[in-house]
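S.K.: 4 is the number of the first residue of the sequence shown in my numbering; add one for each residue after it.
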Amino acid sequence: MNPAYPQIVSQATDRDFNGIVQTRNTLYVERMRLDKFFTLFLDKFERNMDPDNTNTPIWNLYKIKLKEYDDVQRSIKAADYYLTKQNV
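(1) Identify whether M52 lies in helix, strand or coil by the three-state DSSP scheme.
(2) I79 and R27 look like a contact to me (Cβ under 8 Å); what is the Cβ gap, rounded to whole Å?
(3) Here's the rule: buried if 16 or more other CB atoms are within 10 angstroms of the residue's CB, otherwise exposed. What is N21?
(4) Can you give me the start and stop residues for the alpha helix (DSSP H) that R77 sits inside?
(5) Once DSSP output is grouped into helix, strand and coil, what is the label at R18?
(6) Please classify Q14 as buried or exposed, where buried requires at least 16 other C-beta atoms within 10 Å of its C-beta.
(7) Relative to the C-alpha of Q89, which residue among N5, W62, V12 is closest?
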């Protein structure tokens with residue numbers, strides 16, 4: 004799990020909404036970095052990625068980065084949730 008998620012929950016508990024915004028902005032940067040990685044990775048290795056044989060180093064790296072992307076995205080959604088909940 005992304006270490007930012009527990010940090011966001013802690014900041015929400017402490018009602019530190021400026022901290023949540025800063026953490027979310029950091030996560031946006033991380034997501035953009037991962038977007039760039041996937042673009043370059045797929046441009047370079049797409050032809051080598053056989054969907055029938057997913058037990059290769061290329062696929063393993065792809066799965067690791069995809070999980071990282073999912074964790075970042077989940078943390079961004081949590082930050083958005085707590086920020087919108089603040090306005091209720």
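By construction, the Cβ of each residue, glycine as well, lies at the ideal position given by its N, Cα and C atoms.
M.R.: In terms of the structure at hand:
(1) coil
(2) 6 Å
(3) Exposed is the call here.
(4) 60 to 89
(5) coil
(6) Classification of Q14: buried, given that the 10 Å Cβ count is 16 or more.
(7) V12
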